[in-house]
Amino acid sequence: MSDNQVSRIQGYVNNLSDLQQPNKEMMQLFYQRYFNVKRWLFIALEDYNAAYRYWALSEPSVTPSIVSRASILQENLNTIKGAYIAAIQSFSPAPSTFDDKFCFIKDHNALETFKKNKKLVWTISKQEPVFESLDRVRLDKVRVWLDGAKHKDSNGTIYISISTDGRYYDRLGSKEYQFVGEPVRRFFQYIPNDKLTTDEKIQLDGDVTEQFRDAYFRPTPFTTWIISLPDDNSNNQRVDLTNITQIRVEFAGSAIAS
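By the working numbering, the letter at position 17 of the sequence shown is numbered 1454, and the numbering carries on one by one without gaps.
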């Protein structure tokens, strides 16, 4: 609302104190403001509902309507927030953490494509054996190791972009789910020196720092992944992929055992 509108409304309110009737412009401004509040509450509810479906793998109990009063929409919003707590208790067994889940890309054509283009598009299906007997899989960390790759500098690093296409699949019991959301992009940087320990190799991990982890989307592994070496990173200009033998994709996160 502009300063001029605020001034006019204040004048109308002052006039009301003198028992004058509100005019049409004032009523329209108040209605516009009220509708804007409803619109933002409705958008927030839609976002909460989408997040709830992904998080709980069930339908929310609230179906918002733009024609509802603002007070009803606010009640709906509070109901959705409370439903998260109930959803936590509904998981049986509770989600557990996992580390060191590896998928291996060994296909000759895939490796040759990566050598040539420094980019590979790769899909993990729900039938991937690594995630057998695991439901509601959510990832906190993704690493990509290029086995056999070398750097022309002794302590040079490989800088890898890891992203998704924004289409995600998951399961819980006998039910399967499909979601569309924002593509996730992470980066992983390491020194390809076999004399170093894993911790010594890693310069930038493919995760979200713990301080901000809850504020960011956790993808499922069941999606299409895009692995690439960005040309605009100077470290990658001196990476030798000639003798690459496989690409190891490492996952860590949480899942429900089934």
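Don't be surprised by glycine CBs; every beta carbon is placed ideally from N, CA and C.
- Here the stretch 1525 to 1545 lies against the stretch 1678 to 1686, with 3 or more beta-carbon pairs under 8 Å apart.
- When the alpha-carbon of GLY1643 is set against those of GLY1618, VAL1617, ILE1595 and ARG1608, the nearest one is in ILE1595.
- ILE1681 and ASP1584 do touch by the CB rule: their CB atoms are close to 7 Å apart, below 8 Å.
- Taking 8 Å as the cut-off, the beta carbon of ARG1655 is found closer than this to the beta carbon of LEU1576.
- Cβ contact annotation for ASP1537 (same chain, cutoff 8 Å, sequence separation greater than five): GLU1687 and ALA1689, in chain order.
- Per DSSP, PHE1551 is one residue of the alpha helix (DSSP H) stretching across 1545 to 1554.
- In this structure, DSSP gives GLN1683 an extended state, which the three-state scheme calls strand.
- Remark: fewer than three beta-carbon pairs, one from each stretch, lie closer than 8 Å, so the stretch 1600 to 1613 and the stretch 1635 to 1650 are not flagged as touching.
- Unbroken beta strand (DSSP E) runs of no fewer than 3 residues, entirely contained in the stretch 1595 to 1679, are found at 1595 to 1601, 1604 to 1609, 1612 to 1617, 1622 to 1627, 1639 to 1641 and 1661 to 1665, following chain order.
- At a Cβ-Cβ threshold of 8 Å, PRO1620 and ASP1602 count as neighbours.
- Per the coordinates, the alpha-carbon of ALA1692 lies some 10 Å from the alpha-carbon of PRO1530.
- VAL1579 is a Cβ neighbour of ILE1599, given a cutoff of 8 Å.
- By the Cβ neighbour-count rule, VAL1617 is exposed, with fewer than 16 other Cβ atoms within 10 Å of its own.
- By the beta-carbon neighbour count (other beta carbons within 10 angstroms, threshold 16), GLY1519 is exposed.
- Put simply, of ASN1673, TYR1605, GLN1615 and PHE1649 the residue whose alpha carbon is nearest the alpha carbon of PRO1629 is ASN1673.
- For PHE1688, the beta-bridge partners assigned by DSSP are LYS1538 and VAL1579.
- For the pair LYS1552 and LEU1666, the CB atoms are not nearer than the 8 Å cut-off.
- Between THR1661 and THR1560, the gap from beta carbon to beta carbon is short of 8 Å.
- Per DSSP, reduced to three states, the secondary structure at ASP1572 is strand.
- In the three-state DSSP reduction, ILE1522 falls in the helix class (H, G or I).
- DSSP lists THR1661 as the beta-bridge partner residues of THR1560.
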